[in-house]
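Before any comments, here is the structure.
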Ligand code: E4P
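In this note's numbering, the protein residues as written are 130 to 344.
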């Protein structure tokens, strides 16, 4: 399963890239607005750090406007993936971008019929938002399970990108379900590495080794 970092923070991206664990980055308008600065310059900087798909979202709500933004963003780097909201106009834009061979990520997906539509129109990635479903007492991972099954049934090439991951359990379940990608905040990436028994065990080994050195 690929790991994408869900942030527009350059320091976090740089730091996580040092682990060699980051296969791509997802951004959204909220994450971009948190950082401030020029959107396109920010994307350019990310492409210099991470060699993998980098999602950049369009802001227009009409197909023509989305396409204009998409062509402009796609010029930044070959790794830019155009993030399109799962709305009717978005699907018109998606069809055109698929025909143009521009990679896409259909975002704000909350049911499997939306995911089916996105795949039929040639989306490269589809982003079910598991955390936001959990927030309203629906089981986000159930949706991932169904999308993985549907894409498998019909051999769609669209990759399932589990988004809105809020904790390490989301990553574990995404991997068990065979999702292609999980995008996660920096904090969750760090949590994946930790276990209290690892820390206790290491501390004990080092302490015992001190005794060996004294002999
Ligand atoms: C990523 O593509 C999504 O925009 C992001 O994961 C949403 O996460 P949130 O629901 O925590 O805002």
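Note that the Cβ used here is the ideal one computed from N, Cα and C, for glycine as well.
Problem - Reference residue 192, options 170, 136, 217, closest by Cα - result: 217
Problem - Strand pairing of residue 288, partner residues [DSSP] - result: 254
Exercise for the section: Measure the beta-carbon distance from residue 211 to residue 246 and round it to whole angstroms, keeping in mind my assumption that it falls under 8 Å. Expected result: Wrong, their Cβ atoms sit about 17 Å apart, outside the cutoff.
Practice task
Starting from residue 259, trace the beta strand (DSSP E) both ways and give me its first and last residue.
Solution key: Element bounds for residue 259: not the beta strand (DSSP E) but the alpha helix (DSSP H), 259 to 264.
Exercise for the section: Can you tell me which of 285, 287, 311, 154 puts its alpha carbon nearest to the alpha carbon of residue 297? Expected result: 311
Exercise for the section: Report yes if the C-beta of residue 292 is less than 7 Å from at least one heavy atom of the ligand E4P; otherwise report no. Expected result: yes
Exercise for the section: With a threshold of 16 other CB atoms inside 10 Å of the CB of residue 242, please say whether the residue is buried or exposed. Expected result: exposed
Exercise for the section: Excluding the 5 residues preceding and the 5 following residue 155 in the sequence, name in chain order all residues of the same chain whose CB lies nearer than 6 Å to its CB. Expected result: 133, 135, 184, 312
Handout entry: Burial state of residue 302, where buried means 16 or more other Cβ atoms lie within 10 Å
Key = buried
Problem - Secondary structure of residue 268, DSSP reduced to three states - result: Residue state, collapsed to three classes: coil.
Handout entry: Minimum length 4: unbroken alpha helix (DSSP H) runs contained in the region 297 to 324
Key = If we require 4 residues or more, the alpha helix (DSSP H) runs fully inside the region 297 to 324 come out as 297 to 306, 315 to 322.
Handout entry: Whether residue 199 touches residue 151 by CB criterion (8 Å)
Key = no
Practice task
Look at the Cβ atom of residue 215, then the Cβ atom of residue 236, and state whether they are nearer than 8 Å.
Solution key: yes
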